[in-house]
Every structure is written in C-alpha cells, then in structure tokens.
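Novice: Sequence lines, in order, name chains A and B.
Take the first sequence: its position 192, counting from 1, is numbered 192 in the numbering used here, and each next residue is one higher.
Whatever position you read off the second sequence (first residue = 1), add 1000 for the numbering used here.
Below you will find the structure I want to go over with you.
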Amino acid sequence: MKTVKKNDSIIRFLFAIIGALFFSQTLTGCGNTATSSRPALTAVQFGSARWEEVVAQAAGGEVNFAMWSGDEARNRYYQSSVAGRVKELYGVTLRFTPVGDTADVVNKLLNEKGAGRTAGGTIDMVWINGENFRTAKQGGVLWGPFAEALPNIKHFAEDARRRDFGTPVEGYEAPYQRAQFVIAYDTARVPEPPRSIEKLREWIKSHPGRFTYLAPPDFTGSAFIRHILLFYLKQGTDEAAFDVSFDERRYQHAVAPTIAYLNEIKPYLWRKGETYPASPKEADRLFANNEIDFTMSYGPSFASERIARGEYPLTARTFVFDDGAIGNYSYLAIPFNASNPAGALVVINHLMSPAHALDQGRALGSLFPLLSAGLTPDERAAVEALPLGPATLTVAEMAKHQLPELDAQYLERLEKDWREKALRQ
Amino acid sequence: MKKPTTTKVAEALAVIAVVGLAAIPLALLASRSLAQSWYWPRLAPPSWSLRAWRYVFSPTAEVLPSLAASLSVALAVTLSAVIVALPASRALAWQEFRGKRAVIFALLAPVLTPPLAATMGVHSLFLRYGLTDTWVGVALSHLISTVPYATLMLTGSFSRLDPDYEAQARTLGAKAIDVWRNVTFPAIAPGLAVAASFAFLISWSQYLTTLLVGGGRVRTLPLTLVAFQRGGDEAIAAALSLVFLAPAAAVAFSVARFLKENQ
C-alpha cells in the first residue's frame, strides 16, 4: 500500500515536469517564429543591392551554419574565435548545426522542397562540395546565384570559381577552403621518398609489401589512382593546353597504361594486393604500426596533426609528386529556404577574407586557399610566416605542384575500370 | 531448498560470463577515451591523456545542453507513450472486437518498415503540418516508434490480469480511481516499468529522426556523438559514448531493481 502511494506521487511529479516542459518549449517555439517575420532577401534583390545594404540588413541577425563537426580543434576554433569575430565585425550571431555527413543536410532540403517549405528553413549556410553540391544544385535546393557578387570572390582562382569536380558552380556556392593531395612517410624508415609516379613504381617493386593505397571509391584512394591517370593523360600533351574536361578518346588512351601500372605493382603491395585498406583510419593504423611506409591524405597538414596527437612518429614528413598534386576546393552554399540569406552572405564573405584565412591557418594549420595576387604586402608576409607543423609543406611548395581536379566523369569511369580490371585480376 | 554444488558453480560461471560481456566493452571504451593513440597489436595504450574528457566537459562540446535536450525529450516521450498505451493495451487485452488483428498490425507497422523510409515519410508529413524543427515535433516523432512497443508490452500485462478483479473491487464499493490505485496499478506495475524503460531507451537512442525532424535545432546527444564517430576522433567518440550510456544504464538498472522488489 505504502509503495503504491509513493509511486503515485512520483508519477504526479513527473507529470508536472513534463507539462512544464511542453509549455515552455511551445512558448519559445512561438517566440522564434515571431522574430523571423521579416521577409528573407532574395537572390534577385541581392543582385541589385549594394554590399553595404546587405551588411546593414545582416546586423543583429542569427545565422545557422551546418558544418561537419567531427573535429575537436575545428569545432573549438569556430565556436569561440570565428563566432566571436563575426559578432564583433557585423553583429551577426553565428550558431552551428552539427553535421556528421553533408548528404543528410541535402536530403533534408530535398524533403523540405518536396513538402513546399520554401521559407523559414533552419539552415542558413552549409559546408559542401562535389557530389553533395551536384545533388543539391540539380534538386534546386540552393539559393543563388550569389558567389560572383561577393566582394572577396576576387581572392579565388578562376578554376575554383568555375567548376567543382566538373559540376559548373555558376555562383551557387562560394569557394572556401583548399585541399591538396600529399603522401606521408617516415624519414627514419625511408630517408628519400620516391618523388614521381615512375620512381614510385620502382620503389614498390624493390620493397615488397611496404606500400598500399586506399581502395576506391574511398576519396583518397580514388585520388591516388587519378594521379596515375593524369600522368598518362598529360603524356604527349602540351602542358599549358591541358584540359580537365572529359574526352573519351583521351581517356581510352590513358586508362590502359594506368591499369597496367596498377597491376604491375599489385603483387608487391601490402598483402600482395589481395586486399586494400578500406578507410583512412585503417591506413593510418598500418602506417603507425610500421606495416606500410606511406599513407596519403587530402589534408596537407594531416601528418603534423597526427604527430601532435601522438599517433605518428616525430620523424614523419610529407611529400608531393614532382608530377604534381591534385587539389580541390570546398565551398559554402545557402539553402533555398534559408531564413537569413543576408546574414549568411556576410558570414560567407568573411570566411573568404584574407584575414580569416590567415587566422585559420594559424589556428588549425589549414592550407591558405587565396590567390597571392590580391593580397597586400603585409598579408603576403603573414602568409609566409604562417606556422607549419613539422611535417607540412610550405604554401608556395604546395601551390607550385598544384594540379586541377579532373572532370567527375573521369573519376567515375576510372573507379569502374579499377574495380573491373585491377581489383578482380 | 539447497542447491547442489554443480548448479552453484554453473550459476557463478554464468554470472561471470554475463558481467564480463557487459564490462569488457565498457572497460575498452573507458580506456580508449583516455588513450592518446591505440593501435593493434598493442595490448595497452602507449600513453594516456585527459584530452577527450576535457573537451567533453568544455562548453564548446555543448554536451550538457544536449544531455538536457535528450533527457527532456526522452522523459516526455516515455510518459506520453505510457499514457497512450495504457487504454489501448487494456482494450486489446480485455476486449474482443472486429478488426482487432488489423489494429495490432497497424500498431506494428512503424516498427516493421525500414527506419530510413519511415523517417523520410514522417519528415514530409511533419513538414506539411509545421511540426519540424521544434522540440514538440521531435518528441512526437519519437512517439511513433515507442508507442507500439509500450502497447504490446502492456497488452501482455493486462492479459495476465483477470478483468473480474476490477469488477470485484467495484462491487465492493471502490471508486474508479481507487480500483486503479489498489488493484490494476499494482498488478501491471512491473509491465509498466518495463514498457516505460523501453520507451525511454528507444527515444534516447534516436538519431536520424531527431536530425531530420529537429532540423539541427533540437540537439540531442546522439547528434553530437555520431559526428565524432564519423569524424574518426576515437577518443572523443568513446568519451561521448560513455556519457551517452550512463543515463540509459541508470534507467535499466533502476527498472531491474524495481522488478526485483515487486516480485
């Protein structure tokens, strides 16, 4: 009898809590919709507006940034430093929506479009590129065009503004960060790494079992085999006239020696090429365990970060092929139903500024993505002075070896041919 | 009754096995959250660090607000699920009516459909009714997958209780509320506890539904956790997993104790 009474009062207490919660959450919910009653800026209006007007409209607003948030240092830097700076400069409150996979955001937007939710969306800007951008652009869930009208667009190279993995950008996303392919090695094990596609072949054959690459369609593994394709694509072509757009005849010409190269090294790979590491994490582990002598990444400072975390030996370094290293950009886009496009534009423009790029280079060791031509002498000196991790190559060194990303069609075809002619051999 | 020694030994071994099965993964998680780097074939991490835990308890990680969001949603869902399930299960257990099988099938449908398809549909529907991006919407969406479990479990409890007990109490002059308090509730309490804990745990572990319906506005703990799992920072993912596990384990533990007391 007694226990029943006790349970009774517990349940009553819980009811009271839940009731209060429902009530308070409903109230704040209503409050939110009331404040965002001002109609959102349209891309057409933005086209004819002066930048100062956009900045004025953004002041006091709130911007929700859907950002991949699987990195501690990056989260910390954006939530404290970048959010503080944006508040101070423009009076914009920057909030973050944690994202595990950008495809989730694109799906959400497509669903919202299907349901006719064309305004009052919860996301104002999103970090995006490649396939996700293509899906979002084709699905018509992006706000724009806007990128070419941003004041800081002048700091970015023409190839970054034109194509994202072969998809025409057309102003629907603004270039933001640069990634470039590097290979890590350990100077204690390999004093002089093979710095070209040709030398790599010889090295692998004379060091059986010590090299492997990530199995495509892994992003990094796919980039590795693309370097070989690019090497053969460029043979017999005038370097200056080299074009990244897809050409069937040229592909056929280059793919045969590419597959031959990969099959030639296959018996000398880790585990005789019967299996490949499936994720960067696995390749990292093999390298740290001294089972293989190289790992690769699209992040030029990745080896320095691993050294700092105690995962790679202090003697780890990175190199790029003399033949060049493929680089690409990641971008910022605005969803079609963003509640505060004006605020997003201002934040995006800030993230494209030399001041921010320098700050992020100092805080996170990110590759400096801007053209040096548009920089002041002071800024240029600051870029030179960016602290590099022990294993990171200089900005100038990376820029010198920059290769453009091939059309996405090359990527798809090569991955298919690799699966059929190299993996299953 | 005295048990033979062999049974005792077998029981002890079984207890050790069960505890081991639960404890070993937990111990691994705990050590991974404190390890700098830890690769096969090392048996123990080469060096230890509090980095992950320092991050988890820093304001940047927003773990406390996510915990509050997760808890408030899960508690609301648990209570609402039980409130919906009680009359439904009572009717299903005690009354015969046309289309009862169809009702049971309809109840099971959200559990039987592939979660991704169901979630996308729920998202579209909620969008139409303006329920997305709110706490209430997220709680409602969790109800869809919790109500079936709660109802089916309580149906079991009600079927084991003879409706005549209620009739008898009423014949003796008890009011409806007294019948509930003194007859029905004590009889179904164990089932109620299990149903409630199930509802809590299901809501507690929702990821995709919260992400889509909550639109990132309602940030429960799984949202933060999944980002780090996919990001490959194992130490932080392990620490967050332990934070995520604690309330769920507490619920399971207290329900187990309650069941034992009510035996």
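Beta carbons: idealized from backbone N, C-alpha and C, even for Gly.
Following the continuous alpha helix (DSSP H) through I228 (chain A), name the residue where it begins and the one where it ends.
Specialist: Here residue 228 (chain A) corresponds to residue number 228 of the first sequence, with the count starting at 1. From DSSP, the alpha helix (DSSP H) with I228 (chain A) extends over F219 to K234.
Novice: Can you give me the C-alpha to C-alpha distance between P193 (chain A) and D407 (chain A), rounded to a whole angstrom?
Specialist: If you number the first sequence from 1, residue 193 (chain A) lands on position 193. If you number the first sequence from 1, residue 407 (chain A) lands on position 407. Their Cα atoms are separated by approximately 29 Å.
Novice: So for I1188 (chain B), helix, strand or coil by DSSP?
Specialist: For this step, residue 1188 (chain B) is matched to residue 188 along the second sequence. Helix at I1188 (chain B).
Novice: Could you pull the start and end residues of the alpha helix (DSSP H) that R1160 (chain B) belongs to?
Specialist: By one-based count along the second sequence, residue 1160 (chain B) stands at place 160. R1160 (chain B) -> alpha helix (DSSP H) spans W1135 to R1160.
Novice: Output the distance between the C-alpha atoms of R1160 (chain B) and A1252 (chain B), rounded to the nearest integer angstrom.
Specialist: In the second sequence, the residue the question calls residue 1160 (chain B) occupies position 160. In the second sequence, the residue the question calls residue 1252 (chain B) occupies position 252. Looking at the two C-alpha atoms, the distance is approximately 23 Å.
Novice: Using 7 Å as the threshold, is the C-beta distance between G1215 (chain B) and T1132 (chain B) below it?
Specialist: Translated into the one-based positions of the second sequence, residue 1215 (chain B) becomes position 215. Translated into the one-based positions of the second sequence, residue 1132 (chain B) becomes position 132. Yes.
Novice: Quick one, which residues of the segment 75-97 of chain A are near chain B if we go by CB-CB under 8 Å, in chain order?
Specialist: Those would be N75, R76, Q79, S80 and T97, in chain order.
Novice: Please look up how many angstroms separate the CB atoms of H1142 (chain B) and V1077 (chain B), rounded, as I've assumed it's under 8 Å.
Specialist: In the second sequence, counting from the first residue as 1, residue 1142 (chain B) sits at position 142. In the second sequence, counting from the first residue as 1, residue 1077 (chain B) sits at position 77. Contact flag correct, Cβ pair sits at about 4 Å.
Novice: Is the separation between the beta-carbon of Y77 (chain A) and that of L411 (chain A) shorter than 7 Å?
Specialist: Position 77 of the first sequence holds residue 77 (chain A). Position 411 of the first sequence holds residue 411 (chain A). Contact flag unset, no.
Novice: For I348 (chain A), is the classification buried or exposed, using 16 other Cβ atoms within 10 angstroms of its Cβ as the cut-off for buried?
Specialist: Here the question's residue 348 (chain A) lines up with position 348 in the first sequence. That one is buried.
Novice: Counting only Cβ pairs nearer than 7 Å, list the residues of chain A close to S1124 (chain B).
Specialist: For the purposes of this step, residue 1124 (chain B) is taken as the residue at position 124 of the second sequence. Here the neighbours are N111, G114 and A115.
Novice: Against chain B, which members of the segment 53-77 of chain A pass a CB distance test of less than 8 Å?
Specialist: Cβ contacts with chain B come from N64, A66, W68, S69, G70, D71, E72, N75 and R76.
Novice: Using three-state DSSP, classify N129 (chain A) as helix, strand or coil.
Specialist: Start at 1 with the first residue of the first sequence, and residue 129 (chain A) comes out as number 129. It is coil, neither helix nor strand.
Novice: Report the partner residues of L94 (chain A) according to the DSSP bridge assignment.
Specialist: Position 94 of the first sequence, counting from 1, holds the residue named residue 94 (chain A). A:V63.
Novice: For M1120 (chain B), does the three-state DSSP call read helix, strand or coil?
Specialist: Working through the second sequence from its first residue, we reach residue 1120 (chain B) at position 120. Three-state DSSP puts M1120 (chain B) in a helix.
Novice: Indicate the three-state DSSP secondary structure (helix, strand or coil) for R1090 (chain B) in the structure shown.
Specialist: Position 90 of the second sequence, counted from the start, is the residue given in the question as residue 1090 (chain B). Note: R1090 (chain B) maps to helix in three-state DSSP.
Novice: Considering only the beta carbon of each residue, do D293 (chain A) and V190 (chain A) sit closer than 7 Å?
Specialist: What you label residue 293 (chain A) is simply residue 293 of the first sequence in a count that begins at 1. What you label residue 190 (chain A) is simply residue 190 of the first sequence in a count that begins at 1. It is a contact, given that the beta carbons lie within the stated cut-off.
Novice: Anyone know if the C-beta pair for A1150 (chain B) and A1081 (chain B) falls short of 7 Å?
Specialist: What you label residue 1150 (chain B) is simply residue 150 of the second sequence in a count that begins at 1. What you label residue 1081 (chain B) is simply residue 81 of the second sequence in a count that begins at 1. Contact: yes.
Novice: Go ahead and label S206 (chain A) buried or exposed: buried means 16 or more other beta carbons lie within 10 angstroms of its beta carbon, across all protein chains shown.
Specialist: Along the first sequence, read from residue 1 onward, the residue named residue 206 (chain A) stands at position 206. Exposed.
Novice: Just checking: is the beta-carbon of G1173 (chain B) within a distance shorter than 7 Å of some beta-carbon in chain A?
Specialist: Your numbering for residue 1173 (chain B) matches position 173 in the second sequence. Not an interface residue.
Novice: Could you please give the first and the last residue of the uninterrupted beta strand (DSSP E) stretch that includes S297 (chain A)?
Specialist: Within the first sequence, residue 297 (chain A) is the residue found at index 297, counting from 1. Unbroken beta strand (DSSP E) run through S297 (chain A): F294 to S297.
Novice: Can you tell which of A:L230, A:L403, A:E202 and A:A40 has the C-alpha that lies nearest to the C-alpha of R250 (chain A)?
Specialist: For the purposes of this step, residue 250 (chain A) is taken as residue 250 along the first sequence, with counting starting at 1. The shortest C-alpha separation from R250 (chain A) is found at A:L230.
Novice: Give me the residue from A:L371, A:F146, A:D124 and A:F321 with the minimum Cα distance to A224 (chain A).
Specialist: Stepping through the first sequence from its first residue, residue 224 (chain A) is reached at position 224. Just to set this straight, residue 224 (chain A) is Phe in the shown sequence, not Ala. When each option's Cα is compared against that of F224 (chain A), the closest is A:F321.
Novice: Closer than 7 Å, CB to CB, is A1227 (chain B) near chain A or not?
Specialist: Taking the first residue of the second sequence as position 1, residue 1227 (chain B) is located at position 227. Judged by the 7 Å Cβ criterion, A1227 (chain B) is in contact with chain A.
Novice: Comparing C-alpha positions only, which one of A:R201, A:T318 and A:S81 sits nearest to I259 (chain A)?
Specialist: Position 259 of the first sequence, counted from the start, is the residue given in the question as residue 259 (chain A). Closest by alpha carbon: A:R201.
Novice: Work out the CA separation of R161 (chain A) and N152 (chain A) for me, nearest whole Å.
Specialist: On the first sequence, residue 152 (chain A) is found 152 positions in, with the first residue counted as 1. On the first sequence, residue 161 (chain A) is found 161 positions in, with the first residue counted as 1. So the alpha carbons of these two residues sit roughly 12 Å apart.
Novice: State yes or no: is the C-beta of W1108 (chain B) within less than 7 Å of the C-beta of P1148 (chain B)?
Specialist: Here residue 1108 (chain B) refers to the residue found at position 108 of the second sequence. Here residue 1148 (chain B) refers to the residue found at position 148 of the second sequence. In the sequence as presented, Trp is not what sits at residue 1108 (chain B); that position holds Leu. For L1108 (chain B) and P1148 (chain B), yes; Cβs fall inside 7 Å.
Novice: Name, going along the chain, the residues of the segment 1050-1068 of chain B whose beta-carbon falls closer than 7 Å to a beta-carbon of chain A.
Specialist: Those residues of the segment 1050-1068 of chain B that come within reach of chain A (Cβ to Cβ, closer than 7 Å) are Y1055 and T1060.
Novice: Pick out the complete beta strand (DSSP E) segments inside the segment 100-168 of chain A, 3 residues or longer, and give them in chain order.
Specialist: Entirely contained in the segment 100-168 of chain A, the beta strand (DSSP E) runs reaching 3 residues are, in chain order, 125-128.
Novice: By the 10 Å Cβ neighbour count, where 16 or more other Cβ atoms means buried, how is I1024 (chain B) classified, buried or exposed?
Specialist: As a working note, residue 1024 (chain B) is residue 24 in the second sequence. The residue is exposed, with fewer than 16 neighbouring Cβ atoms inside 10 Å.
Novice: Where L314 (chain A) and A1235 (chain B) are concerned, what is the direct C-alpha to C-alpha distance, given to the nearest angstrom?
Specialist: By one-based count along the first sequence, residue 314 (chain A) stands at place 314. By one-based count along the second sequence, residue 1235 (chain B) stands at place 235. Each residue's alpha carbon lies about 21 Å from the other.
Novice: Helix or strand or just coil, what does DSSP make of S1254 (chain B)?
Specialist: Locating residue 1254 (chain B) in the second sequence gives position 254, counting from the first residue. Of the three classes helix, strand and coil, the one that applies to S1254 (chain B) here is helix, per DSSP.
Novice: Which runs of the beta strand (DSSP E) fall wholly inside the segment 259-286 of chain A and span at least 3 residues, in chain order?
Specialist: The segment 259-286 of chain A contains no whole beta strand (DSSP E) run of 3 or more residues.
Novice: Output yes or no for whether 7 Å exceeds the beta carbon distance between Y268 (chain A) and I228 (chain A).
Specialist: The residue given as residue 268 (chain A) occupies position 268 in the first sequence. The residue given as residue 228 (chain A) occupies position 228 in the first sequence. No, Cβ-Cβ distance for Y268 (chain A) and I228 (chain A) is not below 7 Å.
Novice: Does the count of Cβ pairs from the segment 1056-1067 of chain B and the segment 324-339 of chain A closer than 8 Å reach three?
Specialist: With the cut-off at 8 Å, the segment 1056-1067 of chain B and the segment 324-339 of chain A do not touch.
Novice: List the residues of chain B whose Cβ lies closer than 9 Å to the Cβ of G171 (chain A), in chain order.
Specialist: Along the first sequence, one-based indexing puts residue 171 (chain A) at 171. Here the premise fails: no neighbours, minimum Cβ distance about 25 Å.
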